[in-house]
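Trainee: Taking our numbering, the leading residue of the sequence shown gets 23, the next gets one more, and so forth.
Got a structure for you, questions after.
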Amino acid sequence: MQVFENMVLILKIDGEAQEKAVKEVSEKLSLLEEGIKSIFPEGIPIINQENVGLLDIVIVSTFGSYKAQEEVLGLKLIDPEKTSPLLFSRLKVLLELPVVKGALPPHEKVVGALKFMRQNALNSASV
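In structure tokens, the structure reads:
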């Protein structure tokens with residue numbers, strides 16, 4: 023998935039290259055948002071623990087750590103108003119489901135892992 027690859031890339035780079043990657047993620051999120059709207063023209067069905075689907079799993083695995091990413095990077099990756107309101111609202115509901123909460127690592131651990139990954143990538147790039 024190109025969005026995921028670009029989100030990982032954003033973590034590993036700085037400066038103009040990072041700005042370009044952020045813009046690409048934003049464009050791809052807009053495309054994803056339009057795709058979701060075309061698949062569910064009447065709106066995405068209500069979700070609960072019993073009806074989590076493949077799309078939901080992809081959304082959580084790709085965007086579930088967005089708060090940690092934003093904390094580590096100091097920039098907003100998902101714009102809930104402009105780029106991806108449907109995706110963001112779905113993600114928020116999914117992240118509140120007990121089954122999802124139980125499967126995700128604690129926020130602090132994700133932040134630590136992302137900081138470590140970012141620092142290693144930036145150090146490697148400067149050598």
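For each residue, glycine too, the CB sits at the ideal point set by N, CA and C.
Could you work out which residue in Val122, Gly37, Ile69 and Glu55 is closest to Val25 when comparing CA atoms only?
Mentor: Of the candidates Val122, Gly37, Ile69 and Glu55, the one whose C-alpha sits nearest the C-alpha of Val25 is Glu55.
Trainee: Since Asp78 is in the alpha helix (DSSP H), which residue starts that stretch and which ends it?
Mentor: Note, Asp78: alpha helix (DSSP H), Leu76 to Phe85.
Trainee: Tell me the rounded alpha-carbon separation between Lys34 and Met139.
Mentor: Cα to Cα, Lys34 sits roughly 7 Å from Met139.
Trainee: For Ile81, collect the residues of the same chain with a Cβ closer than 8 Å to its Cβ; drop the 5 residues on either side in sequence, then sort them by chain order.
Mentor: Counting only Cβ-Cβ distances below 8 Å, and skipping sequence neighbours, we find Leu109, Arg112, Leu113 and Leu116.
Trainee: Following the continuous alpha helix (DSSP H) through Asn142, name the residue where it begins and the one where it ends.
Mentor: Counting along the chain, the alpha helix (DSSP H) containing Asn142 begins and ends at His129 to Ser148.
Trainee: Taking Cβ to Cβ, would you say Asn28 is nearer than 8 Å to Lys50?
Mentor: Against a cut-off of 8 Å, the Cβ pair of Lys50 and Asn28 comes out as a contact.
Trainee: Once you ignore the five residues that flank Ala90 on each side, which residues in its own chain have a CB closer than 8 Å to its CB?
Mentor: Hits under 8 Å: His129, Val132, Val133 and Leu136.
Trainee: Based on Cα-Cα distance, which residue from Lys59, Gly57 and Leu31 lies nearest to Glu46?
Mentor: Of the listed residues, the one whose Cα sits closest to Glu46 is Leu31.
Trainee: I'd like the span of the alpha helix (DSSP H) that includes Ile58, first residue to last.
Mentor: Ile58 -> alpha helix (DSSP H) spans Gly37 to Ile61.
Trainee: Can you tell me whether Gly124 is buried or exposed, with buried defined as 16 or more other CB within 10 angstroms of its CB?
Mentor: Gly124 should be labelled exposed.
Trainee: When you compare the CB positions of Leu99 and Glu93, do they come within less than 8 Å of one another, or not?
Mentor: Against a cut-off of 8 Å, the Cβ pair of Glu93 and Leu99 comes out as no contact.
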